[in-house]
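Reading through the structure tokens given below for one structure.
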Amino acid sequence: MGIDELGAVLRETRVRRGMSQQALADKAALSRNFVAQVERGESTPTVATVSRLAAALATTVGELLGEAATAGEPGDAVAVPLVADRIAAGSPLVLADHIEGHEPLPRALLRSLGVDPAQAMLVRVGRDQDSMAETIPPGATVLLDRAPRREIVPQGIYAVREEAAGEPGCTIKRLVLDAAARVLILLSDNPAHLPRAIRLRAGQSLADVIVGRVVWWAPPTPSRR
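When you read off a place in the sequence shown, starting at 1, and then add 673, the result is the number in our numbering.
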């Protein structure tokens with residue numbers, strides 16, 4: 674289910690309950706403006722926020738995600754590891770040692786995004802990382818599909834391995850591949866950041882450079898006003 678569909682279901686459910694946006698916001702401990710943005714498909718709520726909205730509406734996360742028939746069944750949620758962006762590019766051993774926690778994501782969400790639960794990883798973008806701020810705000814949490822890549826979707830958003838001050842890390846960018854020149858062009862949505870390029874070395878594959886494709890993201894939890 675996309676964010677537009679989630680917003681429509683949220684609005685329909687709220688109206689059926691006879692609740693105003695302000696009443697729902699108060700009950701879910703959110704701002705009315707944020708609820709309105711979700712209903713318009715302009716903001717992507719975290720799974721925890723969807724759970725709060727579902728509880729405030731006396732419904733389930735599964736129903737809000739269009740999976741009412743399977744809501745509450747065993748295996749309804751998948752525990753997805755959460756790491757900081759500087760860790761995401763590390764080896765599996767590094768990842769295992771630096772997991773901040775696990776976020777329960779509805780299996781229905783992963784299925785709708787075409788993500789194998791075993792390949793799912795949540796990455797917290799640094800609050801100083803504003804290169805994609807026009808789309809993904811600093812401090813957001815992104816969901817990566819870490820399935821190995823043999824090709825990329827032009828202008829798709831990916832997590833790419835980069836070194837900074839000799840330390841491994843990753844950056845979130847839109848990618849364009851010049852296959853003939855074996856060059857990856859990294860594009861930012863923030864015009865203050867210029868394009869960059871990574872030339873693939875002989876024998877180096879896309880999977881060696883790309884950590885995963887960004888398939889979903891949630892902004893930082895808004896402060897209640």
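Don't be surprised by glycine CBs; every beta carbon is placed ideally from N, CA and C.
{"Check": "Separation of residue 891 from residue 718, as counted between CA atoms", "Outcome": "5 Å"}
{"Check": "Touch test, the segment 682–690 against the segment 852–871, Cβ-Cβ under 8 Å, three pairs minimum", "Outcome": "no"}
{"Check": "Stretch pair the segment 790–799 + the segment 864–878: three plus CB contacts closer than 8 Å", "Outcome": "no"}
{"Check": "Reference residue 735, options 726, 781, 690, closest by Cα", "Outcome": "781"}
{"Check": "Paired residues, beta bridge with residue 850 - DSSP", "Outcome": "857"}
{"Check": "Whole-angstrom C-beta distance between residue 801 and residue 810, which should lie under 8 Å", "Outcome": "No, residue 810 and residue 801 are not in contact; Cβ-Cβ is about 12 Å, not under 8 Å."}
{"Check": "Candidates 792, 730, 868, of which the one nearest residue 751 by Cα", "Outcome": "792"}
{"Check": "Contact under 7 Å by Cβ, residue 825 with residue 847", "Outcome": "no"}
{"Check": "Cβ-based neighbour list, residue 713, same chain, cut-off 7 Å, excluding 5 preceding and 5 following", "Outcome": "680"}
{"Check": "Bridge partner(s) assigned by DSSP for residue 805", "Outcome": "Answer is none; residue 805 lacks a bridge partner."}
{"Check": "N-terminal and C-terminal residue of the beta strand (DSSP E) that residue 795 is part of", "Outcome": "793–797"}
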